[in-house]
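Asker: Protein chains in written order, with UniProt numbering: chain A, 1 to 144; chain B, 1 to 144.
Protein chains: 2
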Amino acid sequence: MANKKKLDDIESGETIVGRSITLGEWHVMTFAGLTGDFYPLHTDAEFAAGSPFGGRIAHGLLTFVVGAGFLANELADYDVVAALGFGATRFTAPVKFGDTITPNGTVTEITPKDSRGVVAFDIDITNQRGETVVTSSMQVMIRA
Amino acid sequence: MANKKKLDDIESGETIVGRSITLGEWHVMTFAGLTGDFYPLHTDAEFAAGSPFGGRIAHGLLTFVVGAGFLANELADYDVVAALGFGATRFTAPVKFGDTITPNGTVTEITPKDSRGVVAFDIDITNQRGETVVTSSMQVMIRA
Numbered sequence: 001m002a003n004k005k006k007l008d009d010i011e012s013g014e015t016i017v018g019r020s021i022t023l024g025e026w027h028v029m030t031f032a033g034l035t036g037d038f039y040p041l042h043t044d045a046e047f048a049a050g051s052p053f054g055g056r057i058a059h060g061l062l063t064f065v066v067g068a069g070f071l072a073n074e075l076a077d078y079d080v081v082a083a084l085g086f087g088a089t090r091f092t093a094p095v096k097f098g099d100t101i102t103p104n105g106t107v108t109e110i111t112p113k114d115s116r117g118v119v120a121f122d123i124d125i126t127n128q129r130g131e132t133v134v135t136s137s138m139q140v141m142i143r144a
Numbered sequence: 001m002a003n004k005k006k007l008d009d010i011e012s013g014e015t016i017v018g019r020s021i022t023l024g025e026w027h028v029m030t031f032a033g034l035t036g037d038f039y040p041l042h043t044d045a046e047f048a049a050g051s052p053f054g055g056r057i058a059h060g061l062l063t064f065v066v067g068a069g070f071l072a073n074e075l076a077d078y079d080v081v082a083a084l085g086f087g088a089t090r091f092t093a094p095v096k097f098g099d100t101i102t103p104n105g106t107v108t109e110i111t112p113k114d115s116r117g118v119v120a121f122d123i124d125i126t127n128q129r130g131e132t133v134v135t136s137s138m139q140v141m142i143r144a
């Protein structure tokens, strides 16, 4: 727990990259059960085959929370007080079963306040072809 | 599938209320497994007992996605084309194991465009005491 990165150790523009993961049936069905969102584009292969996507895709929020969670794990190196929230979240491309996502975080703003400060990260989740599938941002409070 | 609510049937200020659900260990452990986020405030009762919350709390994003999913289910009455994204999401109060959440959506803006339009909803997720635990917003494309 010692030697964690403090506010002063963080620079605007620095990036963190989360572990990559392949999304598939398990993720989609687990998320459907958790959220009650069984929209057929995610859970009905016959329906999805006739959609513009040609097959089932992951819920946008599923891709977002997996990416955000994997990024949060990278924050274990930082002296984090709390995650404050997330900015606007956009689903920019579909994630099909078998696609592999990677979350990227870039520091955009550091706002010191007393013995701590808020660090804003842009979140960009990409697929195995380097295409962005989700954009968002997060605000994290870190000790000074 | 007939008689679904179209864009013209929606009025600014109208509200939808999603089903309520009690969050507990199953939700938190399922979400931890899905996202890789095993931060001890959520998964370690001993650690959490010593925190300002006095016990384990749900991940903020867990409360958000369950609330958003339960609201999305209410949109089955509308002629929805796609969910476009979510606005800034804030975690305003902790959700403890055994707390019951209810998602509320209020139409704030209707922007017609060609044969469809974007409907913006404010999202307010409350607990059993009526306290707001998550605020967010969502943009949904609906046929005219």
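Note that the Cβ used here is the ideal one computed from N, Cα and C, for glycine as well.
Should residue 135 of chain B and residue 101 of chain B be called a contact, given that it needs their Cβ atoms to be closer than 9 Å?
Answerer: Mapped onto the second sequence, residue 135 of chain B falls at position 135. Mapped onto the second sequence, residue 101 of chain B falls at position 101. No, the pair does not count as a contact, with Cβ atoms beyond the cut-off.
Asker: Return the chain-ordered list of same chain residues with a C-beta closer than 6 Å to the C-beta of residue 86 of chain A, the five sequence neighbours on each side being excluded.
Answerer: As a position in the first sequence, residue 86 of chain A is number 86, starting the count at 1. These residues qualify, in order along the chain: 136, 138.
Asker: Using a cut-off of 8 Å between C-beta atoms, extract the partners of residue 73 of chain A located in chain B.
Answerer: For this step, residue 73 of chain A is matched to residue 73 along the first sequence. Going along chain B in sequence order, the residues near residue 73 of chain A (Cβ under 8 Å) are 36, 37.
Asker: Have a look at A:73, A:58, A:19 and flag the residue whose alpha-carbon is nearest the alpha-carbon of residue 148 of chain A.
Answerer: As shown, chain A starts at 1 and ends at 144. That puts residue 148 of chain A outside it, with no answer to give.
Asker: Would you verify that the beta carbon of residue 22 of chain B is, or is not, closer than 9 Å to some beta carbon of chain A?
Answerer: Walking along the second sequence from the start, residue 22 of chain B turns up at place 22. Taking 9 Å as the threshold, the shortest C-beta distance from residue 22 of chain B to chain A does not fall below it.
Asker: Do residue 80 of chain B and residue 27 of chain B have their beta-carbon atoms positioned less than 9 Å apart in this structure?
Answerer: One-based indexing of the second sequence puts residue 27 of chain B at position 27. One-based indexing of the second sequence puts residue 80 of chain B at position 80. Against a cut-off of 9 Å, the Cβ pair of residue 80 of chain B and residue 27 of chain B comes out as no contact.
Asker: Is it buried or exposed for residue 124 of chain B, if we count other Cβ within 10 angstroms and need 16 for buried?
Answerer: Position 124 of the second sequence, counted from the first residue, corresponds to residue 124 of chain B. Residue 124 of chain B should be labelled buried.
Asker: Hey, is the region 4–16 of chain B in contact with the region 104–118 of chain B, meaning 3+ C-beta pairs nearer than 8 Å?
Answerer: Counting Cβ pairs under 8 Å, three or more are found: they touch.
Asker: Might you give, ordered along the chain, the residues of its own chain that have their beta carbon closer than 8 Å to the beta carbon of residue 14 of chain B, omitting 5 neighbours on each side?
Answerer: Taking the first residue of the second sequence as position 1, residue 14 of chain B is located at position 14. Excluding positions up to five away in sequence, the list reads 106, 107.
Asker: Please work out which residues of its chain come closer than 6 Å, Cβ to Cβ, to residue 70 of chain B, disregarding the five sequence neighbours upstream and downstream, and give them in chain order.
Answerer: Mapped onto the second sequence, residue 70 of chain B falls at position 70. Hits under 6 Å: 18, 19, 103.
Asker: Does residue 88 of chain A come within less than 9 Å of chain B when only Cβ atoms are used?
Answerer: Locating residue 88 of chain A in the first sequence gives position 88, counting from the first residue. Closer than 9 Å to some Cβ of chain B, the Cβ of residue 88 of chain A qualifies, so yes.
Asker: When the cut-off is 9 Å and only beta carbons count, does residue 15 of chain B lie next to chain A?
Answerer: If you number the second sequence from 1, residue 15 of chain B lands on position 15. So no, residue 15 of chain B is outside the interface.
Asker: Strictly below 8 Å CB to CB, what residues from chain A border residue 30 of chain B?
Answerer: The count along the second sequence starts at 1 and reaches residue 30 of chain B at position 30. Correct list: 30, 33, 34.
Asker: Can you check DSSP and say which residues form a bridge with residue 128 of chain B?
Answerer: Start at 1 with the first residue of the second sequence, and residue 128 of chain B comes out as number 128. None, per the DSSP bridge assignment.
Asker: Just to make sure I have the definition right: I need the residues of chain A whose C-beta is within less than 8 Å of the C-beta of residue 83 of chain B. Which are they?
Answerer: Counted from its first residue, the second sequence places residue 83 of chain B at position 83. The contacting residues are 60, 91.
Asker: Among all the DSSP beta bridges, which residues are the ones paired with residue 123 of chain A?
Answerer: Against the first sequence, residue 123 of chain A aligns to sequence position 123. Partner(s): A:105, A:136.
Asker: State the Cα-Cα distance for the pair residue 110 of chain B and residue 98 of chain A, rounded to the nearest angstrom.
Answerer: Taking the second sequence and counting its residues from 1, the one referred to as residue 110 of chain B is at position 110. Taking the first sequence and counting its residues from 1, the one referred to as residue 98 of chain A is at position 98. Spanning the two alpha carbons is a distance of roughly 36 Å.
Asker: Take the Cβ of residue 132 of chain A as the centre, count every other Cβ of all protein chains shown within 10 Å, and call the residue buried at 16 or more, exposed below.
Answerer: Stepping through the first sequence from its first residue, residue 132 of chain A is reached at position 132. Result: exposed.
Asker: Identify every residue that forms a DSSP beta bridge with residue 21 of chain A.
Answerer: Taking the first sequence and counting its residues from 1, one reaches residue 21 of chain A at position 21. Paired residue(s): A:101.
Asker: Can you find the residues in the same chain that come closer than 7 Å, C-beta to C-beta, to residue 143 of chain B, ignoring five residues on each side of it along the sequence?
Answerer: Locating residue 143 of chain B in the second sequence gives position 143, where the first residue counts as 1. Once the five neighbours on either side are set aside, the close Cβ partners of residue 143 of chain B are 6, 7, 79, 81, 115, 116.
Asker: Please give the ranges of any beta strand (DSSP E) in the region 70–102 of chain B, keeping only runs that are unbroken, at least 3 residues long and fully inside the region.
Answerer: Counting whole runs of 3 or more residues, the region 70–102 of chain B contains the beta strand (DSSP E) stretches 80–86, 89–91.
Asker: In the DSSP assignment, find the unbroken alpha helix (DSSP H) run with residue 14 of chain A in it and report its ends.
Answerer: Sequence index remark: in the first sequence, residue 14 of chain A carries index 14 (1-based). Per DSSP, residue 14 of chain A belongs to no alpha helix (DSSP H) and is neither H nor E.
Asker: Between which two residues does the alpha helix (DSSP H) containing residue 47 of chain A stretch?
Answerer: Sequence index remark: in the first sequence, residue 47 of chain A carries index 47 (1-based). Its alpha helix (DSSP H) spans residues 45–49.
Asker: Who are the neighbours of residue 68 of chain A on chain B, taking C-beta pairs under 9 Å?
Answerer: Counted from its first residue, the first sequence places residue 68 of chain A at position 68. 35, 37, 61, listed in chain order.
Asker: Could you check what DSSP says for residue 54 of chain A in three-state terms: helix, strand or coil?
Answerer: Start at 1 with the first residue of the first sequence, and residue 54 of chain A comes out as number 54. DSSP places residue 54 of chain A in coil when its eight states are reduced to three.
Asker: CB-CB under 7 Å to residue 25 of chain B, same chain, minus the five flanking residues each way: which ones, in chain order?
Answerer: Numbered from its first residue, the second sequence carries residue 25 of chain B at position 25. For residue 25 of chain B, where only same-chain residues beyond five positions count, the Cβ hits under 7 Å are 97.
Asker: Using only CA atoms, which one of A:60, A:72, A:140, A:51 lies nearest to residue 112 of chain A?
Answerer: For the purposes of this step, residue 112 of chain A is identified with residue 112 of the first sequence, where counting begins at 1. Ranking A:60, A:72, A:140, A:51 by Cα distance to residue 112 of chain A puts A:140 first.
Asker: If the cut is a Cβ gap below 9 Å, which residues of chain B does residue 65 of chain A touch?
Answerer: Sequence index remark: in the first sequence, residue 65 of chain A carries index 65 (1-based). Here the neighbours are 31, 34, 35, 37, 59, 61, 62, 64, 65.
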